[in-house]
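J.: Handing you this structure, nothing more for now.
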Amino acid sequence: MMSDYALQQAFNALSVGGEYALLALGLAIVFSVMHLVNFAHGDMITVGGYAMFLLILFGVRDPFLVLPFGVLITVLAALLIERVAFKPVRGASPTTGMLTAFGVSIIIQNVALIFGGSRPKAVQTADWLASSLSIGSVQIPVVQVLETVVTLAAIIGLVALMRYTTVGLAMRAAAKDVPVVRLMGVKADRVILSAFAISGFLAGLAGIFILARRGAVDPFMGFAPVLKAFVAAVLGGFGSLPGAVVGGFALGIAEVGLQVLLPPEIAGFRDAFVFLLIGIVLVFRPQGILGERPDFGEKS
Amino acid sequence: MLSLSNVHVSYGPIKAVRDVSIEVKEGEIVALLGPNGAGKTSLISSVVGLAPIASGRIAFNGHEISKEPTEKIVARGLTLTPEGRRVFADLTVGENLRLGAACRRDKAGIAEDLEKYLELFPILRKRYASRARMLSGGEQQMLAIARSLMSRPKMLMLDEPSLGLAPRIVDQIFELLSSLRGQGLTMLIVEQNANEALSLANSAYVVASGALVFSGTASDLKSSGEVMEMYLGLEGQE
Ligand SMILES: Nc1ncnc2c1ncn2[C@@H]1O[C@H](COP(=O)(O)OP(=O)(O)OP(=O)(O)O)[C@@H](O)[C@H]1O
Ligand SMILES: [Mg+2]
Chain A
7 MMSDYALQQA FNALSVGGEY ALLALGLAIV FSVMHLVNFA HGDMITVGGY
57 AMFLLILFGV RDPFLVLPFG VLITVLAALL IERVAFKPVR GASPTTGMLT
107 AFGVSIIIQN VALIFGGSRP KAVQTADWLA SSLSIGSVQI PVVQVLETVV
157 TLAAIIGLVA LMRYTTVGLA MRAAAKDVPV VRLMGVKADR VILSAFAISG
207 FLAGLAGIFI LARRGAVDPF MGFAPVLKAF VAAVLGGFGS LPGAVVGGFA
257 LGIAEVGLQV LLPPEIAGFR DAFVFLLIGI VLVFRPQGIL GERPDFGEKS
Chain B
757 MLSLSNVHVS YGPIKAVRDV SIEVKEGEIV ALLGPNGAGK TSLISSVVGL
807 APIASGRIAF NGHEISKEPT EKIVARGLTL TPEGRRVFAD LTVGENLRLG
857 AACRRDKAGI AEDLEKYLEL FPILRKRYAS RARMLSGGEQ QMLAIARSLM
907 SRPKMLMLDE PSLGLAPRIV DQIFELLSSL RGQGLTMLIV EQNANEALSL
957 ANSAYVVASG ALVFSGTASD LKSSGEVMEM YLGLEGQE
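Residue numbers (our numbering), protein chains in the order written: chain A, 7 to 306; chain B, 757 to 994.
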């Protein structure tokens, strides 16, 4: 039935978009407070993934332990990377930061390669994640429903945090004027660590769904996610948090939509069409859908 | 309360402040005057750790603060309303004020102060939910001052609070500063608007090209025609 198929694909688009939104938000929140494009963002997911793999290896199978453990380790990985790699180059040029991020990424990939080998390792997240829900005659994978719900909850939580907590206000303010945030008595360190913690948390959530879909970890599993996050963030407007959400969903909907709509002969070129669409958007809005034009006027 | 001894501020090879010593006593208003580029902003930014101190000592209430981070100095009760206001444009008026109290933990006291300053600045109550970027220059200056006050400082430094404002608004700002003095707030005011600042100040310092060229009481400065003319472009009173 056509409408069933449409409903299934709509859910698919929402869940893929949600995953991209979570990833892009993580990238954007770090970029907004410290103007760092963290290309190691995807590799934090790798770290979380391997942590879950190891925990299962040691005999812990309860998903209610394994999944939160994965998220926790992703957060800790993000905080550790900030302390060890990014803090020493704070205040250096954006290029330095970006190269540092590449360095971190390469190190994580190689550590995983040395200790785990290049072959994917199966990780059984939870049976119920891989099952489907029946809504009438439509089958919707549980992972898609959960992903959509979790994304929305995470976005609502993040909005509340950014509006109602002091550290959230400070993160928004720090995006524009770090010295004056410090004049409010807020430690720059606290703002930056919070941004990394949130970024790691969002990556950890996305990581669970990525793992539930692929069912395995490998050293380079972080590459595709960070690429999608980057594209979604650029599309939405780099550094803008609402932009990251909009960009993530737009990218997910475009991918799934084109997959469905393109005739089978050219469906293989889907990504080319996706990038063409994004190119067209950026021609008309170089700053991205919700991005701000660079402000050359007022300096303060 | 605040004492600067032989402070030098340098940005790499650029020496912005050379060997300046300043004393501010509790309850006093001190004016720091001087022409454009004299180093006024550099000097008071260095006091709160936002400009690089090459050498010299700064003591606040007996604590050496010249090597402390900004947030620690603010927590000690010394803050700055920066040049150009620098309100958080994308945050609402209310959010700016709440962030101003970020270093405090006394919820009840914060709520009390918020109410107090919304009373003092009715315009901020009216625009409470607007983004700060929507405010006029004068309103933004009021917000910047109120935001500084939300940290409940013992001493407030203001960098050109009247910059770019219409004369009527400038008068309002100085009236406000005078009423804050009445509440016992110690202030160091950097101004180009020397006459207004001197009408308020107890003592005054004049810097030019990074060095101190005058220090004394406000009335000494007003009667020192030479300094007034040479550095401040004003007629003395003699
Ligand atoms: N961040 C900086 N890096 C390099 N040089 C600077 C910096 N800030 C100020 N200067 C230089 O230091 C000197 C003093 O500048 P400062 O802003 O402190 O003067 P000012 O008295 O506040 O001037 P104004 O009245 O225009 O505000 C100037 O020569 C200025 O060019
Ligand atoms: Mg200045």
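Ideal Cβ positions, reconstructed from N, Cα and C, are used throughout, including at glycine.
These numbers were taken from a predicted model, which means no experiment stands behind them.
1) Output, in chain order, the set of chain A residues within a Cβ distance shorter than 8 Å of G795/B.
2) What residues from the stretch 183 to 201 of chain A come within 7 Å of chain B, judged by C-beta to C-beta, listed N to C?
3) Which residues does DSSP list as the beta-bridge partners of V780/B?
4) Distance, Cα to Cα, A46/A vs V780/B?
5) For L941/B, return the contacting residues in chain A, with the cut-off set at a CB-CB distance below 9 Å.
6) Taking E827/B as the reference, give the member of Y26/A, I146/A, I272/A and V197/A with the closest Cα.
7) For L307/A versus T157/A, is the C-beta spacing smaller than 9 Å?
8) With 16 as the cutoff for other CB atoms within 10 Å, does M1014/B come out buried or exposed?
9) Along chain B, which residues have their Cβ under 9 Å away from the Cβ of T172/A?
10) Any chance you could list the alpha helix (DSSP H) runs of at least 4 consecutive residues sitting entirely within the stretch 811 to 893 of chain B, in chain order?
11) In the DSSP assignment, find the alpha helix (DSSP H) that holds D133/A and state where it starts and stops.
12) Under 7 Å from any heavy atom of ligand 2, by CB: list those residues in chain order, please.
13) Find out if the Cβ-Cβ distance for the pair I785/B, L956/B is shorter than 9 Å.
14) Using only CA atoms, which one of K863/B, V765/B and L855/B lies nearest to R190/A?
15) Please confirm whether L806/B has its beta-carbon closer than 9 Å to some beta-carbon of chain A.
16) Less than 9 Å between the beta carbons of G65/A and G258/A, yes or no?
17) Note down, in chain order, every chain A residue with its Cβ under 9 Å from the Cβ of A831/B.
18) Any idea which residues DSSP pairs T942/B with across the strands?
19) Does the Cβ-Cβ distance between L31/A and V232/A come in under 9 Å?
20) Alpha carbon to alpha carbon, what distance is there between V843/B and S918/B?
21) Are the C-beta atoms of E994/B and some chain A residue less than 9 Å apart?
22) At a threshold of 8 Å, does N949/B count as lining ligand 1 (C-beta to nearest heavy atom)?
23) Cutting at 8 Å between CB atoms, please list the residues of its own chain near A222/A, excluding the five before and the five after it.
24) I'd like to know if A181/A contacts chain B, where contact means its C-beta is closer than 9 Å to some C-beta of that chain.
25) Quick check: the stretch 267 to 278 of chain A against the stretch 771 to 780 of chain B, are there 3 or more CB pairs under 8 Å?
26) Beta carbon of A794/B: closer than 8 Å to some heavy atom of ligand 1?
27) Taking 7 Å as the limit between beta carbons, can you name the residues of its chain near R178/A, skipping five residues before and five after?
28) To the nearest angstrom, report how far apart E994/B and K978/B are at their CA atoms.
29) If you reduce the DSSP assignment to three classes, tell me which class A19/A lands in.
30) Could you say which of D976/B, A787/B, L968/B and R860/B lies nearest to F930/B if we only look at CA atoms?
31) The alpha helix (DSSP H) with A4/A in it runs from where to where?
32) Within the present structure, is the beta-carbon of Y767/B separated from the nearest heavy atom of ligand 1 by less than 8 Å?
33) For A845/B and N792/B, I'd like the C-alpha separation in whole angstroms.
34) Quick check on F121/A: buried or exposed, where buried means 16 or more other Cβ atoms within 10 Å of its Cβ?
35) Since I believe P69/A is in contact with T131/A (beta carbons under 8 Å), could you give me their beta-carbon distance rounded to a whole number of angstroms?
36) On a Cα-Cα basis, can you pick out the residue from K234/A, L82/A and V110/A that is closest to I284/A?
T.: With the given structure in hand:
1) Neighbours of G795/B on chain A: none; closest Cβ ~18 Å, over 8 Å.
2) Within the stretch 183 to 201 of chain A, the residues whose Cβ lies closer than 7 Å to any Cβ of chain B are, in chain order, D183, P185, V186, R188, L189, M190, G191, V192 and K193.
3) Beta-bridge annotation (DSSP): V780/B is paired with L758/B.
4) One C-alpha to the other measures close to 50 Å.
5) Under a criterion of Cβ atoms nearer than 9 Å, no residue of chain A is adjacent to L941/B; the nearest Cβ is some 17 Å distant.
6) Out of Y26/A, I146/A, I272/A and V197/A, V197/A has the C-alpha closest to the C-alpha of E827/B.
7) Outside the shown range of chain A (7 to 306) lies residue 307/A, about which nothing can therefore be said.
8) Chain B is shown from 757 up to 994; residue 1014/B falls before or after that span and cannot be answered.
9) Chain order gives the chain B residues near T172/A as R854, L855, A857 and A858, where near means a beta carbon separation below 9 Å.
10) Runs of alpha helix (DSSP H) with 4 or more residues, each lying fully within the stretch 811 to 893 of chain B, are found at 826 to 831, 849 to 856, 863 to 876 and 878 to 882, listed in chain order.
11) For D133/A, the enclosing alpha helix (DSSP H) starts and ends at D133 to A136.
12) Those satisfying the condition are, in chain order, K796/B, T797/B, E839/B, D915/B, E916/B and V946/B.
13) Yes, the pair counts as a contact, with Cβ atoms nearer than the cut-off.
14) The question names Arg, but residue 190/A in the sequence shown is Met. Here the closest residue by C-alpha is L855/B.
15) For L806/B, a Cβ of chain A is located within less than 9 Å of the residue's own Cβ.
16) No, they are not a contact pair.
17) Going along chain A in sequence order, the residues near A831/B (Cβ under 9 Å) are G191.
18) Answer by DSSP bridge pairing, in chain order: M911/B.
19) The answer is no: Cβ separation not under 9 Å.
20) Spanning the two alpha carbons is a distance of roughly 15 Å.
21) Residue placement at E994/B is flagged as unreliable, the pLDDT there being 44, under the threshold of 50; the coordinate-derived value follows with that caveat. No, its Cβ sits nowhere closer than 9 Å to a Cβ of chain A.
22) Of the heavy atoms belonging to ligand 1, none sits nearer than 8 Å to the Cβ of N949/B.
23) The answer, listed in chain order, is P126, K127, A128 and V129.
24) So, interface residue.
25) Touching, no.
26) Result yes, Cβ under 8 Å from ligand 1.
27) The answer, listed in chain order, is M168.
28) Low per-residue confidence applies at E994/B: pLDDT is 44, beneath 50, and the placement is therefore not dependable, though the value from the model is reported in the following sentence. Between E994/B and K978/B, the C-alpha separation is close to 8 Å.
29) DSSP places A19/A in helix when its eight states are reduced to three.
30) Residue A787/B holds the alpha-carbon nearest to the alpha-carbon of F930/B among D976/B, A787/B, L968/B and R860/B.
31) Here chain A has residues from 7 to 306 only, and residue 4/A is not among them.
32) Yes.
33) The straight-line gap from Cα to Cα measures roughly 26 Å.
34) Residue burial is scored here from C-beta neighbours: F121/A has fewer than 16 other C-beta atoms within 10 angstroms and is therefore classed as exposed.
35) About 6 Å separates the two Cβ atoms, so the contact holds.
36) Minimum Cα distance to I284/A is reached at K234/A.
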